[in-house]
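Data first, discussion second: the structure below is written as structure tokens.
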Amino acid sequence: MKFQDYYAILGVPRSATQDEIKRAYRKLARKHHPDVSKDADAEARFKELGEAYAVLKDPEKRAAYDQVGQNWKAGQDFQPPPGWDAGFEFRGAGADDGLDASDFFEALFGRRARAEQHYRGPDRSHAHRGQDHHAKVLIDLEDAYHGAQRSISLRMPALDARGQLVLQSRTLDITIPKGIRAGQHLRLAGQGEPGLGGGPAGDLFLEIGFNPHPHYHVEGRDVFANLPLAPWEAALGCSLNLPTPEGPVQVTVPERSAAGRQLRLRGKGIPGKPAGDFYFVLAIVLPPALTDADKAAYRAFANAFHFDPRATPAPSRKVDPR
Amino acid sequence: MSTHSTRNMSTLIVEEEIQLTLVELCQACNAPAEYVSAWVYEGVLTPSGQTPEDWRFSGESLRRAQQARWLARDMEVNAQGVGIVLDLLDEIAALQSRLQRAGLR
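The listed protein sequences derive, respectively, from chains A and B. Okay, so the first sequence: first residue is 467 according to the numbering used here, each after it adds one. Okay, so the second sequence: first residue is 844 according to the numbering used here, each after it adds one.
Here it is as structure tokens:
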């Protein structure tokens, strides 16, 4: 596991006050929040920020981190020295937002700290329910159309029989229900953190996302695909056999179709009640004029029309009503 | 690294097949019940049922409660502020999907 420099992640010096850490975190968190930022790595960055802040905002964790962190630089291989946390007592739970923290964080502040806290804590006679865990899983769009059985593998730190921290990898065979959409969650009862003192295990929540697809773009239940057309196909109309995630369909492109027009196939989006719709978004592609014959054809085309594209008002994009 | 595998998981879609009690929602989003109650009284979350014991939250509440918890804990936004921020985020998402649909993005 790699050493994480939490100060560098927040862009503050090691001498930063708690107020400076809070300000730095909030500024960066606002910028990188996945609901706001459209950067591809916003989610990873936001998670990293949250983890750095969870440690540095808490004076106890920060002091422990400072002690262990003196001898490491970001990215170096890291193993917590034995007994590194002696003398520190962590009041809060480890990854206290239940999100999937890095191995590094878990090694320092994760389940081990929670377990030790439990054994010396005042309520050792009480059974304690394990925390709910969260993870994100990417599936293919086709899985949402047909349903699927998928094997997913998750890693989490756990204590072995001797109380040493080990990384445990587990494989879950799960059923992807037909009709699931990006952003929805699956709940796997009892697959979260094991309970302590005989308490029940927590649940595992899997947030579903779609792998990027070269042809399809998904918006909620609706699925979009670009449909490139030659100018004559758009002008005269045509009938095409086209692939969709459900299989090939026969599509009629009406004559005088403009670029940007959307052809809707009702109910051919992600299945469900109601099912989503599938849209072909028309694009017009001009053949390149490469040879003399091509150029002659374009000239004949020009002579056949008395057409000035700048004389007519720009056509408004036509969107089929939903 | 040790490995074990678990077979035959039964999975439920939270957003469609599950209603959560107050206790379950608190566990799933790791927020104290006082926070969740405050969000209900501000209209951020709208469970069915009259009293906290009877509240049943739709599965859609999970994402909203997770966002609310982040705003409340890390950004120290109060319950009214959480309501405003979440409504604005919803509106941005709706506008972005309209843009996308119109082929402008």
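The beta carbon of each residue, even a glycine, is placed where N, CA and C say it ideally should be.
Supposed contact pair residue j and residue i - C-beta distance, whole angstroms, cut 8 Å
i, j, result
"A/Leu695", "A/Val751", "7 Å"
"A/Leu607", "A/Tyr682", "6 Å"
"A/Leu652", "A/Leu672", "4 Å"
"A/Phe676", "A/Leu604", "7 Å"
"B/Gln923", "B/Glu896", "Incorrect: roughly 25 Å between the Cβ atoms, too far for contact."
"A/Lys523", "A/Ile487", "6 Å"
"A/Arg601", "A/Ile642", "Residue identity check: residue 601 of chain A is Ala in the sequence provided, not Arg. Not really, about 14 Å apart at Cβ, beyond 8 Å."
"A/Gln597", "A/Gly668", "5 Å"
"B/Arg912", "B/Ala871", "In fact, because the Cβ distance is near 10 Å, the residues do not count as touching under 8 Å."
"B/Gln910", "B/Leu938", "Contact doesn't hold; Cβ gap of about 18 Å is too wide."
Exposure label - residue i; buried when at least 16 CB within 10 Å
i, result
"A/Arg480", "exposed"
"A/Lys504", "exposed"
"A/Lys527", "buried"
"A/Lys734", "buried"
"A/Asp688", "buried"
"A/Leu662", "buried"
"A/His772", "exposed"
"A/His599", "buried"
"A/Arg586", "For A/Arg586, the predicted structure reports a pLDDT of 43, less than 50, and the residue's modelled location is therefore unreliable. A value from the coordinates is still provided. When all chains shown are included, A/Arg586 counts as exposed."
"B/Arg907", "buried"
"A/Glu517", "buried"
"A/Thr718", "exposed"
"A/Asp563", "Only weak support is given to the placement of A/Asp563: the predicted model assigns it a pLDDT of 45, under 50, and the value that follows is read from those uncertain coordinates. The residue is buried, with at least 16 neighbouring Cβ atoms inside 10 Å."
"A/Gln657", "buried"
"A/Asp758", "exposed"
Backbone secondary structure at residue i - three-state DSSP
i, result
"A/Phe807", "In the structure as shown, chain A starts at 467 and stops at 788, and residue 807 of chain A therefore has no counterpart that could be examined."
"B/Ile935", "helix"
"A/His651", "strand"
"B/Gly902", "coil"
"B/Val879", "helix"
"A/Ser503", "coil"
"A/Ala482", "coil"
"B/Leu888", "coil"
"A/Lys602", "strand"
"B/Asp930", "helix"
"A/Glu517", "helix"
"A/Val684", "strand"
"A/Phe571", "helix"
"A/Phe690", "strand"
"B/Gly924", "helix"
"A/Gly663", "coil"
Please give me, in chain order, every unbroken run of the beta strand (DSSP E) with length at least 3 that falls completely inside the segment 694 to 777 of chain A. 704 to 708, 715 to 719, 728 to 731 and 744 to 750
Assess contact between the segment 894 to 904 of chain B and the segment 855 to 866 of chain B, defined as three or more Cβ pairs (one per stretch) separated by less than 8 Å. Is contact present? yes
Could you say if the segment 709 to 717 of chain A and the segment 757 to 767 of chain A meet the contact criterion of at least three C-beta pairs nearer than 8 Å? no
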